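Protein chains: 2
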Amino acid sequence: MAKKPDLDDYRVPYFDSKKPKAFDLASIDSASKPFSLGSKDEDRARLSELNAALDTLQDKLHTQRKQRVLLILQGMDTSGKDGTIRGIFQDVDPLGLRIVPFKAPSEVEAAHDFLWRVHSQAPAAGELTVFNRSQYEDVLVPRVLKQIDKAECERRYAHIRNFEALLADNGTTIVKCLLHISKDEQKARLQARIDNPEKHWRFDPADLEARKQWDDYQQAYADALGATSTEFAPWFVIPADSKTHRNVMVAELITRTLQDLKLEYPPAKESLKGIKVE
Amino acid sequence: MAKKPDLDDYRVPYFDSKKPKAFDLASIDSASKPFSLGSKDEDRARLSELNAALDTLQDKLHTQRKQRVLLILQGMDTSGKDGTIRGIFQDVDPLGLRIVPFKAPSEVEAAHDFLWRVHSQAPAAGELTVFNRSQYEDVLVPRVLKQIDKAECERRYAHIRNFEALLADNGTTIVKCLLHISKDEQKARLQARIDNPEKHWRFDPADLEARKQWDDYQQAYADALGATSTEFAPWFVIPADSKTHRNVMVAELITRTLQDLKLEYPPAKESLKGIKVE
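If you want it as structure tokens, here you go:
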């Protein structure tokens, strides 16, 4: 009998300042489906269960207004960040869910430190916030484009660790996911966008330029993950060539994260007993 | 045969500076259900249809990233602002939907003009933004509490009209809904929160204080609606004693609003023809 998969097997080992090392991304097969139950139908049924569970958990989080949860999604173009958000949060009440997309920095944003715009979007008490791209873009893109050197990159990793420690210290639970796809899978997805005129709006010629630097980006991810996976803000690598598997696995992860918070609805108040509204 | 209801029958007449007047709120029966199809089951089925239609419409809005839509929800405590958001947007992709709750102003917010915090939350291109309470709190609460006089209130109405004209001029479609409930219906809903210990967290003793000034609030709403319903930012009064009816009617309204924008997915690009991804 196959060993039951464990989410923690996909967690990047915690950064250790005494022996920092890149994470071996190739050690995880992007085509594998460890959290699949077998058929697509079974996986979709499981996803429906998780959607419903997340609805209740997030309702408690939002009602309680004490804790904060931050989910960070990163991945190469076409890796499915948008699709994941839609797939796992479709039953969640929009009242307490906030999606924050980070694009290329604006002029004003670029005139500040790289965490300035990110900090302003940190989750408030009771919020479940999703970063669609994040502060990690700033240790990936400029590094691959050789706009920053290794020393600056290391300084940024440290700033990110400190920043995430601050959020965690303030009661924010942070989970970071790399949606891990293969170069071939990206090729198929980009080609599908080109071949289907209705999907042309999703295609950005700049994606082809980034694709030429695939290996550099993989290395940049490997370094960043190794340098910033911590007990208070762990990275998980999600095999994401299968969209259904990707959604199930991220949903399992965020559900477990919320369950671990032991959320309860606020208690009844004795003081309200017997009050009659006039 | 009953006349088919028309959403525009529930629109507050546009402000006319030559003959400004309060809207007669009592002219609309909060217990009526003009957009009900008959049974609750039929209404729920209609709501499901509207949920699905809104999903597609908002997807086009978000994909196109040109137009902006702002839905403002106002109403007395327990009138169902939260429930409406959940009820009508449950199928909409969270990617392009943003819910902004406005509470009592913080110290920093109160240190600016009353539109400062509101302006910063205006919808971006492609966004459907919902204000859960809004700038209108500042012509309701301080007026009833006699913190501002009539002249200041009139100045604020004018500032709101000008502000909404600015947003509209920038391609924002604005729809404003007053969720209209009766004093008796509020009594029943508040009592239900008190009588059910699991709902105690939803009960705020301050709601009983505001309830004592019910008539003053109704008058403040009547004045504000009359002074700020415009062609570019109309007010609609939603009979909301029935939660199902309220949801159906607001969903009909926002669906029609989006349909009127004639949204289409972005067109195919000739330049992509024949490109092969390497």
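Respectively, the protein sequence lines represent chains A and B. Position 229 of the first sequence, counting from 1, maps to 229 under the UniProt record's numbering, and the rest follow consecutively. Position 17 of the second sequence, counting from 1, maps to 17 under the UniProt record's numbering, and the rest follow consecutively. Every residue, glycine too, gets a C-beta built ideally from N, C-alpha and C. These figures come from a predicted structure and were not determined experimentally.
Span separating the alpha-carbon of residue i from that of residue j
i: F15/B; j: R65/A; result: 40 Å
i: N51/B; j: V130/A; result: 23 Å
i: V144/A; j: A240/B; result: 56 Å
i: F203/B; j: I99/B; result: 22 Å
i: F114/A; j: Q135/A; result: 7 Å
i: T172/B; j: A158/A; result: 42 Å
i: L167/A; j: D149/B; result: 43 Å
i: K273/A; j: N170/A; result: 34 Å
i: P13/B; j: I238/B; result: 14 Å
i: K81/B; j: A122/B; result: 19 Å
i: E49/B; j: A31/B; result: 24 Å
i: H119/B; j: W201/B; result: 30 Å
i: H112/A; j: P142/B; result: 38 Å
i: residue 313/A; j: E154/A; result: Since the displayed chain A opens at 1 and closes at 278, residue 313/A lies outside it and no answer follows.
i: Q90/A; j: Q90/B; result: 7 Å
i: E152/B; j: T228/A; result: 53 Å
i: Q147/A; j: K262/A; result: 44 Å
i: D215/B; j: G38/B; result: 32 Å
i: Q213/A; j: K103/A; result: 19 Å
i: N196/B; j: P197/A; result: 55 Å
Cut-off 6 Å between Cβ atoms - residues of its own chain near residue i, not counting five sequence neighbours on either side
i: M1/A; result: The pLDDT assigned to M1/A is 46, lower than 50, so where the model puts this residue is not dependable; a value taken from the coordinates is nonetheless given after this. Closer than 6 Å at Cβ, skipping near neighbours: no residue.
i: K33/B; result: S242, H245
i: L258/A; result: L57
i: V92/B; result: L54, D55, Q58
i: K21/B; result: G226
i: E270/A; result: none
i: S36/B; result: D43, H245
i: P234/B; result: R11
Beta-carbon spacing of residue i, residue j below 8 Å
i: D138/A; j: R156/A; result: yes
i: L253/A; j: L7/A; result: yes
i: K176/A; j: I72/A; result: yes
i: R133/A; j: P105/A; result: no
i: I181/B; j: G96/B; result: no
i: F236/A; j: R11/A; result: yes
i: P267/B; j: P94/A; result: no
i: T84/A; j: L190/A; result: no
i: A124/A; j: R68/A; result: yes
i: A222/A; j: D29/A; result: no
i: L225/B; j: L178/B; result: yes
i: E185/A; j: K60/A; result: no
i: A206/A; j: Y217/A; result: no
i: E107/A; j: W116/A; result: no
i: K40/B; j: V277/A; result: no
i: T230/A; j: E164/A; result: yes
i: A220/A; j: L140/A; result: yes
i: A192/B; j: K199/B; result: yes
i: I174/B; j: I275/A; result: no
Delimiting residues of the beta strand (DSSP E) encompassing residue i
i: P239/A; result: 235 to 239
i: V130/A; result: 128 to 132
i: T78/B; result: T78/B -> no beta strand (DSSP E), and no H or E assigned at all.
i: I148/A; result: Counting along the chain, I148/A falls outside any beta strand (DSSP E), and DSSP gives it neither H nor E.
i: V250/A; result: No beta strand (DSSP E) contains V250/A, which is instead part of the alpha helix (DSSP H) from 243 to 260.
i: F100/B; result: The question names Phe, but residue 100/B is Val in the sequence shown. 97 to 101 is the span of the beta strand (DSSP E), which, as asked, contains V100/B.
Own chain partners of residue i with C-beta closer than 8 Å, once the 5 adjacent residues on each side are dropped
i: L47/B; result: G87, I88, T244, N247, V248, A251
i: R256/A; result: L7
i: G126/A; result: L61, H62, T63, Q64, R65, K66, Q67, R68, G96
i: D9/A; result: P34
i: S17/B; result: none
Beta bridge counterpart(s) of residue i as assigned by DSSP
i: V175/B; result: L71/B
i: V277/B; result: BP columns for V277/B are empty, so no partner.
i: R11/A; result: F236/A
i: T230/A; result: A233/A
i: H180/B; result: P239/B
Span of the alpha helix (DSSP H), counted from its first residue to its last, around residue i
i: D184/A; result: 183 to 195
i: Q58/B; result: 40 to 64
i: H119/A; result: 116 to 119
i: L208/A; result: 206 to 212
i: E107/B; result: 107 to 110
i: P142/B; result: 141 to 144
C-beta neighbour in chain C for residue i, strict 8 Å
i: F89/B; result: No chain C is part of this structure, whose protein chains are labelled A and B.
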